[in-house]
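Peer 1: The following block contains the structure, expressed as structure tokens.
Protein chains: 2
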Amino acid sequence: MRQMHFADALTARVKNTSPVCVGLDPVLEKLPDGVQRNETGVRDFCIGIIDATKDIASCIKPQLAYFELLGWEGMRVFWDVCAYAKEQGLIVIADAKRGDIGSTCDAYADAYLHAGSPIDAITVNAYLGSDGVNPFIERCAKNEKGIFVLVKTSNPSSGDLQDLPVGDEAVHEHLAGLVASWAMHQVGSESNFSCIGAVVGATYPEELRYLRTLMPLSPFLIPGYGAQGGIAQDVKHGFMPDGSGAIVNASRSILYASAGTDWRDAAHAAAAAMQTDLQAALHSEIA
Amino acid sequence: MRQMHFADALTARVKNTSPVCVGLDPVLEKLPDGVQRNETGVRDFCIGIIDATKDIASCIKPQLAYFELLGWEGMRVFWDVCAYAKEQGLIVIADAKRGDIGSTCDAYADAYLHAGSPIDAITVNAYLGSDGVNPFIERCAKNEKGIFVLVKTSNPSSGDLQDLPVGDEAVHEHLAGLVASWAMHQVGSESNFSCIGAVVGATYPEELRYLRTLMPLSPFLIPGYGAQGGIAQDVKHGFMPDGSGAIVNASRSILYASAGTDWRDAAHAAAAAMQTDLQAALHSEIA
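Protein chains in written order, with this note's numbering: chain A, 1 to 287; chain B, 1001 to 1287.
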């Protein structure tokens, strides 16, 4: 099967569904009624969430930490869940936040972005600079994959390093300049977006607005909507004027919308409400 | 079994052996003659390296990337290798470079630093700021574990973000100040070192010297010796005047000291040569 450029595939999928990205953060203690609190339960739960949201969501974002917490058995579930999501037509983004020296990033890039991997893109931490990012960029070009570089994260203390002033810009703005330069060489012919994206949190709307101008070719992965406090009026600043160029992640507000046996219906309803909420905000932006 | 404070255990072990830390970066293509190029071979190779170096090395540092590259089967080998190294009396440092928002770092911290884990410490990426580090610090206090926060890494492009000027200091120096403040509350009664350590590359000796003064309570994990170009005269700046307070990692120069069937002997000889080299440099420093 011929692969599409990552950003072209992402853009087409968002157009046909929505910018909703469902984050898979399966926590044993939070699994709803009727789901086993073990690896089998996590697998069932993730597949149930995928089935419940796949007609709405463009992307699914499994968070590695929750699978690693279950040991190697959890990693087996992780790969099974990624394969299932891919079969269902979802764009699969592994939230790995990996970053290391070049030779080690070669291993990470081959681990997650090899040809034939069910994973379409991973998140990358660039604290080690360009030679920790280049191996991922190479695999993007070679295997039609994507990355989302952490630029400005959604958590309360993200400013500890990311907002430090470097001359007249913040560290995260300087990094945005690097991301923009990496993105230039990897642009899809249909979408005009790059396979080198950026993570920018919904919880910092002013930064989101400015970073959109600094990285015009990068798709944005916007976490922080829902449980972390970001709202649609905040995240709309991460989109291009035509409503393209971003996906918005919600995890807890969809996964745990109900603690009862109606969790599938509740997840579907939460994803649908998020889709409506985002569309209204984006429509008001375009209008 | 009562656990010792991480820094006390590390300091005692270094005193009884050496500051040598053996990095386990098992690459299938580089496995020596007679070792199967699959998960079984990786397990045999890692156990062989542990046995060959355990009378010299204080620490063993498996790099997660190379195990993740082998899928979930690789993660099973990773946990087996960590358990074996721990049984042999080595301090086990998982080179994970994890870092995320607080709730996700809770999962990473529980995954690797739970009570009874064979892993004594992991490496942490602090780009997300203090609330991505706190969950690890909590597990250090609760379970007698340690962390090494990436401050100044050994790779050529580490300066892209880490050396950006923030007022009259570099980003990595500002982070060193944060690490020093975290370290203050977690000091071992025997060693006078904290369980909150720092990663500082051997390849930047001037920075290493200055960072030693900024983080006097933190054990240093110094990568970059050997294949990456760091020499003993460089790394000695990461030690305290009495020769304590640091471990020096070498991976490729020990693991792949021979491509033949004598790889165990060659690894032992390489570790012994490194021990001698470090002792000579540290002795010249003390003298």
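For each residue, glycine too, the CB sits at the ideal point set by N, CA and C.
Looking at the C-beta of residue 131 of chain A, does it have a partner C-beta in chain B at a distance below 8 angstroms?
Peer 2: Yes, because at least one Cβ of chain B sits closer than 8 angstroms to the Cβ of residue 131 of chain A.
Peer 1: Is the CB-CB distance between residue 1251 of chain B and residue 1032 of chain B below 8 angstroms?
Peer 2: No, the Cβ-Cβ distance between residue 1251 of chain B and residue 1032 of chain B is not below 8 angstroms.
Peer 1: Output the boundary residues of the beta strand (DSSP E) element that contains residue 122 of chain A.
Peer 2: Looking at the DSSP string, the run of the beta strand (DSSP E) that includes residue 122 of chain A is 121-124.
Peer 1: Take residue 210 of chain A as the anchor and find which of A:244, A:248, A:170 and A:249 has the nearest alpha-carbon.
Peer 2: It is A:170.
Peer 1: Report buried or exposed for residue 275 of chain A, applying the criterion of at least 16 other Cβ atoms within 10 angstroms of its Cβ.
Peer 2: So residue 275 of chain A ends up on the buried side.
Peer 1: Tell me whether residue 1016 of chain B is buried or exposed, calling it buried when 16 or more other Cβ atoms sit within 10 Å of its Cβ.
Peer 2: Under this definition residue 1016 of chain B is an exposed residue.
Peer 1: Does the beta-carbon distance from residue 1204 of chain B to residue 127 of chain A come in below 8 angstroms?
Peer 2: Not a contact, by the Cβ cut-off of 8 angstroms.
Peer 1: Where residue 1149 of chain B and residue 1195 of chain B are concerned, what is the direct C-alpha to C-alpha distance, given to the nearest angstrom?
Peer 2: Computed Cα separation, rounded: 11 angstroms.
Peer 1: Give the C-beta separation of residue 198 of chain A and residue 176 of chain A to the nearest angstrom, bearing in mind that I take them to be a contact with Cβ-Cβ under 8 angstroms.
Peer 2: The Cβ separation is near 7 angstroms, so the contact holds.
Peer 1: Determine the contact status of residue 1113 of chain B and residue 1145 of chain B, defining contact as a CB-CB distance below 8 angstroms.
Peer 2: Cβ distance < 8 angstroms, so residue 1113 of chain B and residue 1145 of chain B count as in contact.
Peer 1: Using beta carbons (cut-off 8 angstroms, strictly below), is residue 231 of chain A in contact with chain B?
Peer 2: Not one chain B Cβ lies under 8 angstroms of residue 231 of chain A.
Peer 1: With a cut-off of 8 angstroms, does the C-beta of residue 174 of chain A fall near any C-beta of chain B?
Peer 2: Yes, residue 174 of chain A counts as interfacial toward chain B.
Peer 1: Could you please tell me which residues of the stretch 1041-1068 of chain B, in chain order, have their CB closer than 7 angstroms to any CB of chain A?
Peer 2: So the close ones are 1063, 1065, 1066 and 1068.
Peer 1: Can you tell me which of the three DSSP states residue 1143 of chain B falls into?
Peer 2: Three-state DSSP puts residue 1143 of chain B in a helix.
Peer 1: Can you pull the DSSP bridge partners for residue 1095 of chain B?
Peer 2: Residue 1095 of chain B is bridged to B:1063.
Peer 1: For residue 207 of chain A, which residues from the same chain have a beta carbon less than 6 angstroms from its beta carbon, with the 5 sequence-adjacent residues on both sides left out?
Peer 2: 152, listed in sequence order.
Peer 1: Any chance you could list the beta strand (DSSP E) runs of at least 3 consecutive residues sitting entirely within the stretch 1005-1029 of chain B, in chain order?
Peer 2: Runs of the beta strand (DSSP E) inside the stretch 1005-1029 of chain B: 1020-1024.
Peer 1: Within 10 angstroms of the Cβ of residue 1228 of chain B, are there 16 or more other Cβ atoms? Answer buried if so, exposed if not.
Peer 2: Under this definition residue 1228 of chain B is a buried residue.
Peer 1: Is there at least one Cβ from chain A nearer than 8 angstroms to residue 1110 of chain B's Cβ?
Peer 2: It does; some Cβ of chain A falls within 8 angstroms.
Peer 1: Within 10 angstroms of its Cβ, does residue 43 of chain A collect 16 or more other Cβ (buried), or is it exposed?
Peer 2: It is buried - the Cβ of residue 43 of chain A has at least 16 other Cβ atoms within 10 Å.
Peer 1: Taking just the CA atoms, how far does residue 13 of chain A sit from residue 20 of chain A?
Peer 2: Taking the straight line from one Cα to the other gives about 11 angstroms.
Peer 1: Would you tell me roughly how many angstroms separate the C-alpha atoms of residue 1284 of chain B and residue 1224 of chain B, rounded to the nearest one?
Peer 2: Looking at the two C-alpha atoms, the distance is approximately 21 angstroms.
Peer 1: Of all the options A:262, A:94 and A:50, which has the alpha carbon lying nearest to the alpha carbon of residue 63 of chain A?
Peer 2: Of the listed residues, the one whose Cα sits closest to residue 63 of chain A is A:94.
Peer 1: Mind checking which residues open and close the beta strand (DSSP E) that includes residue 199 of chain A?
Peer 2: It spans 196-200 - the beta strand (DSSP E) in which residue 199 of chain A sits, taken as one unbroken run.
Peer 1: For the putative contact between residue 61 of chain A and residue 24 of chain A, defined by C-beta atoms under 8 angstroms, what is the C-beta separation to the nearest angstrom?
Peer 2: Right, their Cβ atoms sit about 7 angstroms apart.
Peer 1: So which residues on chain A does residue 1289 of chain B lean against when the C-beta distance must stay under 7 angstroms?
Peer 2: Missing from the structure shown is residue 1289 of chain B; chain B here goes from 1001 to 1287 and no further.
Peer 1: Using a Cβ-Cβ cut-off of 6 angstroms (strictly less than) and excluding sequence neighbours within five positions of residue 1041 of chain B, which residues of its own chain qualify?
Peer 2: Within the same chain, residue 1041 of chain B has close Cβ partners 1031 and 1035.
Peer 1: What did DSSP end up calling residue 1171 of chain B once you bin it into helix, strand or coil?
Peer 2: In the structure shown, residue 1171 of chain B sits in a helix (DSSP, three-state: H, G or I).
Peer 1: With DSSP collapsed to three states, give me the class of residue 210 of chain A.
Peer 2: Helix, per DSSP.
Peer 1: Residues of chain B with CB closer than 9 angstroms to the CB of residue 113 of chain A, please, in chain order.
Peer 2: Here the premise fails: no neighbours, minimum Cβ distance about 11 angstroms.
Peer 1: Whose C-alpha, out of A:104, A:72 and A:246, is nearest the C-alpha of residue 136 of chain A?
Peer 2: When only C-alpha atoms are compared, the closest one is A:104.
Peer 1: Measuring only between beta-carbons, confirm whether residue 1200 of chain B sits less than 8 angstroms from chain A.
Peer 2: Taking Cβ atoms only, chain A never reaches closer than 8 angstroms to residue 1200 of chain B, which makes this a no.
Peer 1: Output, in sequence order along the chain, the residues in the stretch 1212-1223 of chain B whose CB is closer than 7 angstroms to any CB in chain A.
Peer 2: Result list empty, no residue passes.
Peer 1: In this structure, how does DSSP classify residue 165 of chain A when only helix, strand and coil are distinguished?
Peer 2: If DSSP states are grouped into helix, strand and coil, residue 165 of chain A belongs with the strands.
Peer 1: Report the residues of the stretch 1267-1281 of chain B with a CB closer than 8 angstroms to any CB of chain A, ordered along the chain.
Peer 2: Going along the stretch 1267-1281 of chain B in chain order, one finds no residue with a Cβ nearer than 8 angstroms to chain A.
Peer 1: How far does the beta strand (DSSP E) with residue 1248 of chain B in it extend, from its first residue to its last?
Peer 2: Here the beta strand (DSSP E) through residue 1248 of chain B covers 1246-1250.
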